[in-house]
Every structure is written in structure tokens, then in C-alpha cells.
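Colleague: The following block contains the structure, expressed as C-alpha cells.
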Amino acid sequence: MLTKSNMVLRDVDILKKSKVVVSITITTLDENKAKRLEPGAPSPQKRIEALKILSKIGIPTVLRVDPVIPYINDFEIEDVVKKAFEAGVKHIISSTYKAKLDSWKRMEKEFPNEMKKLRNLYFKFGEWINGYYYLPKEYRLKIMKMVSEKAKKFEISFAVCREGFLELNFAESCDGSHLLNEGFSDFHK
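Plus 1 on top of the position in the sequence shown (first one is 1) and you've got the working numbering.
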């Protein structure tokens with residue numbers, strides 16, 4: 002189950018009896034920035050609390066640090082991973098921001114100075130892949146290495162799904178499905 006919401010907690014009774022892994026996205030710990038990045042989503046603190054509650058009752062949890070955006074949230078990676086560790090997260094997935102015209106315009110409105118710095122990185126030096134502008138490969142690798150190193154530091158499995166860079170993965174699956182059997186003890190009750 003993948004969500005940006007803490008509302009998953011209302012279904013705890015069902016989840017406890019299911020073969021499920023819950024994946025929650027947190028892109029920043031900064032409340033104001035989160036409102037601008039993910040309008041309408043619950044606060045990062047509420048999502049961290051949901052991860053903590055789910056982990057405590059034995060439901061395997063995954064943190065999605067996605068998207069990582071240079072100049073906006075890349076410098077927060079260690080803090081986000083540390084909070085995930087404290088909440089009992091078992092696996093981390095990460096990816097960088099993929100630009101499309103509509104999302105770029107929204108981001109430009111919310112973060113004009115930062116996006117101005119990123120314009121050439123994406124549109125001049127970046128790569129066009131499957132309808133998205135990606136950061137240059139070397140830049141993406143640098144960011145994903147940083148996330149991978151922080152996950153290792155806190156002994157949380159890690160995978161990068163959409164970037165390539167399979168050499169950075171140290172998990173049995175990208176999406177955390179390798180954790181499915183961990184929280185399965187109440188299934189037949």
C-alpha cells in the first residue's frame with residue numbers, strides 16, 4: 002500500500018490481518034515546505050507518527066523519499082532517514098524529481114529561486130526519458146548515493162527504482178515487497 006496520508010491508520014484492524022507493507026512518502030520535515038511541495042497532504046509529522054504506529058504493531062513500513070529536489074530538500078535527507086529509523090521503518094525507496102511542463106510551472110511558482118537554478122540542469126544538461134526531463138545522470142547518481150549511504154548508516158534496506166543505479170540497492174525488492182511476510186502473523190486469526 003502506497004500513500005502520502007496518515008489516514009491509513011483508520012484501517013489498522015484490517016491491515017493487521019492482511020499480508021501488507023505500508024509505504025508512506027515524506028519529502029521534507031519542514032511543514033511549510035511540505036505544504037508547498039504536496040498541497041493537501043497531511044503534515045510530515047503526522048506521516049512519521051503513522052509510520053511509528055504501524056511499525057510498533059508489526060506492520061512492515063517503507064519510506065519513500067520521493068522526489069528529492071536539489072536546492073529544495075536534498076540537504077534534509079539525513080534528517081528524514083533518521084526520523085524513519087526512529088519510527089521503525091524497514092526499507093527506503095528514493096527517486097529524484099522528474100520534470101514535466103505542468104509540474105515544473107507549479108514548482109516554479111512555489112520555489113522560484115530554486116527552480117531558476119535548476120532550469121539548465123534539467124532542460125540543457127538533463128536527459129529526456131519517457132516523457133520526463135531528468136537531472137543529468139551523474140547528478141542523479143550523486144543524490145541517490147547520498148540517500149543510500151544514509152540508509153546504510155541507519156541499517157535500513159534501500160532501493161532506487163526509477164533511476165537505474167541498481168548497484169546502489171541493498172534490498173531484495175525495490176518496492177519493499179520483500180517485507181510482506183514480516184507482518185503476517187495475524188493473517189489467519
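From the three backbone atoms N, C-alpha and C, an ideal C-beta is built for every residue, glycine too.
The structure presented is a predicted model; accordingly, all values stated were derived computationally and were not measured.
1. Sorted by chain position, which residues of the same chain lie with C-beta nearer than 7 Å to Ile54's C-beta, five sequence neighbours on each side aside?
2. Can you grab the Cα-Cα spacing for the pair Pro137 / Asp31, in whole Å?
3. So what's Arg163 in DSSP terms, helix, strand or just coil?
4. Taking the alpha carbon of Ile58 as the point to measure from, which residue in Gly89, Lys36, Asp80, Arg48 has its own alpha carbon closest?
5. Scan the segment 54–112 and note each continuous alpha helix (DSSP H) run of 4 residues or more that stays entirely inside, going in chain order.
6. Using CA atoms only, rank isn't needed, just tell me which of Ile49, Leu180, Ser96 is closest to Gly165.
7. Using beta-carbon positions only, say whether Thr29 and Asn74 come within less than 8 Å of one another.
8. Give the range of the alpha helix (DSSP H) segment to which Val13 is assigned.
9. Taking 7 Å as the cut-off, is the beta-carbon of Arg107 closer than that to any non-hydrogen atom of the ligand MN?
10. Using a Cβ distance threshold of 8 Å, determine whether the segment 121–128 contacts the segment 75–82, with at least three qualifying pairs required.
11. Can you give, in chain order, each stretch of the beta strand (DSSP E) that sits fully within the segment 129–156 and has at least 3 residues?
12. By a C-beta neighbour count over all protein chains shown, 10 Å radius and 16 as the cutoff for buried, is His189 buried or exposed?
13. Measure the Cβ-Cβ separation of Val66 and Val13 and say whether it is below 8 Å.
14. Count the other CB atoms within 10 Å of the CB of Ile130; is the residue buried (16 or more) or exposed (fewer)?
15. Closer than 6 Å by C-beta to Pro61: which residues in its own chain qualify, once you throw out the five before and the five after it? Chain order, please.
16. On the criterion of 16 or more Cβ atoms from any shown chain inside 10 Å, does Lys20 qualify as buried, or is it exposed?
17. Could you pull the DSSP bridge partners for Thr26 from this structure?
18. Residues in its own chain within less than 7 Å of Ser44 by CB, not counting five upstream and five downstream?
19. Excluding the five sequence neighbours on either side, which residues of its own chain have a C-beta within less than 8 Å of the C-beta of Asp187, listed in chain order?
Modeller: Well, looking at it:
1. Here residue 54 refers to the residue found at position 53 of the sequence shown. Counting only Cβ-Cβ distances below 7 Å, and skipping sequence neighbours, we find Leu10.
2. Your numbering for residue 137 matches position 136 in the sequence shown. Your numbering for residue 31 matches position 30 in the sequence shown. Rounded to whole angstroms, Pro137 to Asp31 spans 27 Å at the Cα level.
3. Numbered from 1 along the sequence shown, position 162 holds the residue referred to as residue 163. Here Arg163 sits in coil by DSSP.
4. Looking up residue 58 in the sequence shown gives position 57. Checked all of Gly89, Lys36, Asp80, Arg48; the closest Cα to Ile58 is Gly89.
5. 78–88, 102–111
6. Residue 165 sits at position 164 when you count from the first residue of the sequence shown. Of the listed residues, the one whose Cα sits closest to Gly165 is Ser96.
7. Within the sequence shown, the letter at position 28 stands for residue 29. Within the sequence shown, the letter at position 73 stands for residue 74. Cβ distance < 8 Å, so Thr29 and Asn74 count as in contact.
8. Your numbering for residue 13 matches position 12 in the sequence shown. From DSSP, the alpha helix (DSSP H) with Val13 extends over 13–17.
9. Absent from the structure shown: the ligand MN. Ligands present: none.
10. no
11. 133–135
12. In the sequence shown, counting from the first residue as 1, residue 189 sits at position 188. Only weak support exists for where His189 lies, its pLDDT of 35 falling under 50; the coordinates are left without a value.
13. For the purposes of this step, residue 66 is identified with residue 65 of the sequence shown, where counting begins at 1. For the purposes of this step, residue 13 is identified with residue 12 of the sequence shown, where counting begins at 1. Result no, Cβ atoms of Val66 and Val13 do not sit closer than 8 Å.
14. Along the sequence shown, read from residue 1 onward, the residue named residue 130 stands at position 129. With fewer than 16 other Cβ atoms within 10 Å, it is exposed.
15. For the purposes of this step, residue 61 is taken as the residue at position 60 of the sequence shown. Cβ neighbours of Pro61 beyond the five flanking positions: Val22, Lys91, Leu180, Glu183, Gly184.
16. For this step, residue 20 is matched to residue 19 along the sequence shown. With fewer than 16 Cβ atoms within 10 Å of its Cβ, Lys20 is classed as exposed.
17. Here residue 26 is taken as the residue at index 25 of the sequence shown, counted from 1. Thr26 is bridged to Arg65.
18. Your numbering for residue 44 matches position 43 in the sequence shown. Around Ser44: Glu32, Ala35.
19. On the sequence shown, position 186 is the one that residue 187 refers to. Bear in mind that the predicted position of Asp187 carries a pLDDT of just 43, short of 50, making it too unreliable to give a figure here.
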